[in-house]
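Peer 1: One structure, as structure tokens, below. Some questions next.
In the working numbering, the protein residues as written are 139 to 263.
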């Protein structure tokens, strides 16, 4: 049996509950449009995080990171050299992206977008 903290549907339900709670707390006019806007804000944040993770996972930043590490190591040779710091064996940013977290973020983004589209369908109907 899976633990419920690792269930992506639990997080989607939690996001919808938080969006609903913030809707009731922050909105002055309780209308469907403001609830659609609240779900849009949540889906936008997840979509943006997913895009950043896509860029990092695609090894776009690895060359820049490697170059900065190499440059800082060359500059520190004349000064205080840390012999315990091995810059070549440090993990690159693309190796730090967890596949489960990556999939979960995209699931949350598209789940919230799907819910928002359903609400938009009811609004324009």
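We put the CB at the ideal spot given by N, CA and C, even for glycine.
Could you say which of 186, 201, 230, 212 lies nearest to residue 245 if we only look at CA atoms?
Peer 2: Residue 186 is the option with its Cα nearest to residue 245.
Peer 1: Is residue 153 close to chain C, meaning its C-beta is less than 8 Å from at least one C-beta of that chain?
Peer 2: Here there is only one protein chain, and chain C is not present.
Peer 1: So is residue 172 buried or exposed if we call it buried at 16+ other beta carbons inside 10 Å?
Peer 2: Exposed.
Peer 1: Taking just the CA atoms, how far does residue 179 sit from residue 196?
Peer 2: Roughly 26 Å between the two C-alpha positions.
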